[in-house]
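Everything below concerns the one structure shown next.
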Amino acid sequence: GRSAPEGVPGKQEQLDPLRDRAEDSYLTTNFGTRVDDTDNSLSVGERGPTLLEDFHFREKVTHFDHERIPERVVHARGAGAYGTFRPYASLAEYTKADFLQDPGRETPVFVRFSTVAGSRGSADTVRDVRGFATKFYTREGNYDLVGNNFPVFFIQDAIKFPDFVHAVKPEPPNEIPQAASAHDTFWDFVSLQPESMHVVLWLMSDRALPRSYRMMQGFGVHTFRFVNAEGRGTFVKFHWRPALGTHSLVWDEAQKIAGKDPDFNRRDLWDAIERGDFPEFELSVQLVPEEDEFAYDFDLLDPTKIIPEEVVPLRPIGKMVLNKNPDNFFAETEQVAFHTAHVVPGIDFTNDPLLQGRNFSYLDTQLIRLGGPNFEQLPVNRPVAPVRNNQRDGYGQHRIHPGQAAYAPNSLGGGCPALASPDAGAYTHHQERVDGVKIRKRSESFADHYSQATLFWNSMAGWEKEHIVAGYRFELGKVLSMEVRERTVGRLNHIDHELATRVAEGIGVTPPAEPAVANHGRSSPALSQANSPTDSI
Ligand code: HEM
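Numbered according to the UniProt record's numbering, the sequence shown spans residues 8 to 544.
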């Protein structure tokens with residue numbers, strides 16, 4: 008890095024002094040007083056009342072009473088691991104990000120995989136999107152790539168996220184169902200919201216049932232921006248691909264495993280790392296020159312669209328190896344705080360309205376989930392890069408800031424770290440020209456909700472189509488409202504007539520008479536007439 012300090016610690020080196028060394032000490036109170044009995048409370052006589060003066064009892068129980076923190080509002084259930092990332096070659100032509108310059112430089116990472124809808128204790132093998140969030144502890148500060156295992160999302164604008172999540176989560180009266188898309192509010196919302204049609208097709212496919220976190224792709228979803236040392240921007244989409252290949256469960260297996268071992272994916276990740284069978288993922292990018300911003304029949308800023316790989320091929324840029332389990336689930340996997348706005352020089356945003364909103368939401372939610380403004384001091388969240396500024400105090404403050412002045416400018420010393428120039432590694436925002444009137448209006452370039460869904464459907468093999476149809480029949484077939492079922496079939500008819508017909512036949516809806524789109528009358532790989540074996544489950 009241009010002037011990133013040499014000698015910054017590795018992440019494990021940084022964590023090491025913070026790990027408790029339990030073996031060499033007596034049981035004590037939290038303030039270090041040794042304890043002689045932790046099984047009997049202090050009482051008046053053997054059968055009398057407990058005394059308020061029993062400070063050990065009160066401290067022990069009070070601490071226990073406060074053990075829980077709110078679970079994540081989404082992605083509550085997850086599993087994490089540490090590892091390392093190394094680029095294959097310098098990417099200086101496209102980005103000045105320090106961790107992408109030198110194949111000799113290894114950057115520590117923490118990854119958290121998750122399901123989205125279920126609560127913390129829900130089963131792993133549900134039909135759901137999976138989160139794939141990576142924190143790179145770079146010498147220039149933390150960079151978080153907060154992605155999913157699907158390349159597209161349900162909505163185009165972050166202002167819809169509360170509506171979307173309220174529709175997906177268990178229903179308010181009875182908190183049913185856990186972690187499933189088999190309910191009325193989910194289908195009601197997505198059928199009224201055609202921008203969801205592409206991702207829902209992914210959700211009904213086997214991609215929603217990963218066999219292992221080690222066998223799952225990851226996507227940054229949004230178009231981001233690389234910026235090189237000359238200030239030239241390049242649009243970039245990020246892809247993780249597992250060395251073991253991408254594999255799914257089938258629905259029948261997924262359901263049985265959910266009963267027999269609800270920790271199936273979590274256990275698989277843990278066990279693989281324990282036995283030294285380290286999961287590997289290759290990072291690839293799709294690069295689009297800024298001049299080509301308008302070269303496609305979809306908008307690069309629309310997170311419900313992919314850039315087809317035939318149009319812009321993937322370019323592998325590096326490899327990540329996960330080689331260490333956390334020591335403590337709560338301290339690390341639960342308290343880790345990812346944020347799309349954690350960027351480093353050389354990586355910038357685009358105006359994707361979903362990304363713009365995420366850049367607000369993560370810090371906001373973590374302020375309450377992690378109890379105040381100092382959660383970046385938690386061991387798992389600490390950058391290995393040095394931190395210095397005039398932010399002070401607050402709940403959970405662990406730093407002792409010396410000096411009289413905590414403001415700038417000041418002439419009294421302390422509290423006045425020097426400002427960096429870009430040459431000294433400062434983050435500067437990409438200078439994009441933006442002109443416009445204030446307006447609430449979705450761009451017309453976001454309006455095609457079906458073409459890429461059709462592309463996805465057409466790319467499926469016959470048996471994959473069978474599984475998708477069975478997925479819709481199972482999930483949509485649980486919906487009580489016939490109106491919602493019918494409306495959904497109507498939407499599917501815009502994707503593919505055969506898909507709509509086959510789904511309709513399995514859920515008591517009259518199949519649409521005509522294709523909604525001309526080419527859907529074409530002959531496509533036929534679905535077998537026999538019901539899929541999973542239909543009756
Ligand atoms: C959490 C991905 C859209 C709000 C997460 C996590 C992932 C993720 C992977 C879990 C992070 C972890 O393991 O700790 C995505 C992707 C999105 C998306 C790929 C779209 C491309 C949004 C939007 C919002 C949002 C639009 C809000 C407007 C949240 C919140 C959390 C979360 C509040 C919980 C964070 C925490 O408590 O630490 N998201 N998300 N997400 N996401 Fe998103």
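Positions of the beta carbon are idealized from the N, C-alpha and C atoms, including for glycine.
Ignore the nearest five residues each way along the sequence and tell me which others in residue 543's own chain have a CB closer than 7 Å to its CB.
-> Here residue 543 scores only 32 on pLDDT, less than 50, and its place in the model should not be relied on; the value that follows carries that caveat. Around residue 543: no qualifying Cβ.
Kindly examine the ligand HEM and report whether one of its heavy atoms sits closer than 6 Å to the Cβ of residue 230.
-> no
What's the call for residue 489, buried or exposed, on a 16-neighbour Cβ count within 10 Å?
-> exposed
Going by the CB atoms, is the gap between residue 246 and residue 291 shorter than 7 Å?
-> yes
Under a Cβ-count criterion, where at least 16 other Cβ atoms within 10 Å of its own Cβ denotes burial, should residue 173 be classed as buried or exposed?
-> exposed
Can you name the residues that DSSP bridges to residue 244?
-> 293
Taking the alpha-carbon positions, what's the residue 9 to residue 431 distance?
-> Reliability fails at residue 9, whose pLDDT of 49 lies under 50, so the model's placement of it is uncertain and the value that follows must be treated cautiously. Those two C-alpha atoms are separated by around 6 Å.
Nearest to residue 377 by alpha carbon, out of 403, 389, 392 and 366?
-> 403
Buried or exposed (CB count within 10 angstroms, at least 16 for buried), residue 25 = exposed
Selection from 328, 385 and 324 that minimises the alpha carbon distance to residue 108 = 324
Tell me whether residue 491 sits in a helix, a strand or coil according to DSSP, three-state version.
-> helix
Is the beta carbon of residue 412 less than 7 Å from the beta carbon of residue 269?
-> no
Determine the extent of the alpha helix (DSSP H) in which residue 280 is found, giving its start and end residues.
-> 271 to 281
Reduced DSSP secondary structure (H/G/I, E/B, other) of residue 336 | helix
Evaluate contact between the stretch 208 to 223 and the stretch 471 to 487, counting only Cβ atoms and requiring at least three cross-stretch pairs below 8 Å.
-> yes
Residue 273 to residue 77 span [Cα, whole Å] | 21 Å
Rounded separation between residue 297 and residue 307 - CA only | 11 Å
Specify the secondary structure class of residue 513 as computed by DSSP and reduced to three states.
-> helix
Proximity below 7 Å, CB of residue 234 to CB of residue 355 | yes
Curious, which full-length beta strand (DSSP E) runs of at least 3 residues does the stretch 63 to 97 contain?
-> 85 to 94
Helix, strand or coil for residue 176 per DSSP?
-> coil
Using CA coordinates, which residue listed in 379, 368 and 71 is at the minimum distance from residue 169?
-> 368
Taking only the alpha-carbon atoms, compute the straight-line gap between residue 305 and residue 427 and give it to the nearest angstrom.
-> 39 Å
My guess is that residue 193 and residue 175 are in contact by the Cβ rule of under 8 Å, so how many angstroms apart are they, rounded?
-> 6 Å
Check the DSSP bridge columns for residue 144 and list the partner residues they point to.
-> 149
Specify whether the stretch 341 to 360 and the stretch 222 to 231 touch according to this definition: at least 3 beta carbon pairs, one from each stretch, less than 8 Å apart.
-> yes
Please go through the stretch 93 to 133 and give each complete beta strand (DSSP E) segment of 3 or more residues, from N-terminal end onward.
-> 114 to 122
Label residue 86 either buried or exposed according to how many other C-beta atoms from any shown protein chain fall within 10 Å of its C-beta, with 16 as the threshold for buried.
-> buried
First through last residue of the beta strand (DSSP E) which encompasses residue 375 | Unbroken run through residue 375 is the alpha helix (DSSP H), 360 to 376; no beta strand (DSSP E).
Sufficient close CB pairs (3 or more, under 8 Å) joining the stretch 389 to 406 to the stretch 142 to 152 = yes
Which two residues bound the contiguous alpha helix (DSSP H) that contains residue 465?
-> 458 to 465
Should residue 51 go down as buried or exposed, given a rule of 16 or more other Cβ atoms within 10 Å for buried?
-> exposed
Start and end residues, alpha helix (DSSP H) containing residue 264 = 258 to 267
Give the straight-line distance between the Cα atoms of residue 439 and residue 350, rounded to the nearest whole angstrom.
-> 17 Å
Residue environment, residue 73, which counts as buried when at least 16 other CB atoms sit within 10 Å | exposed
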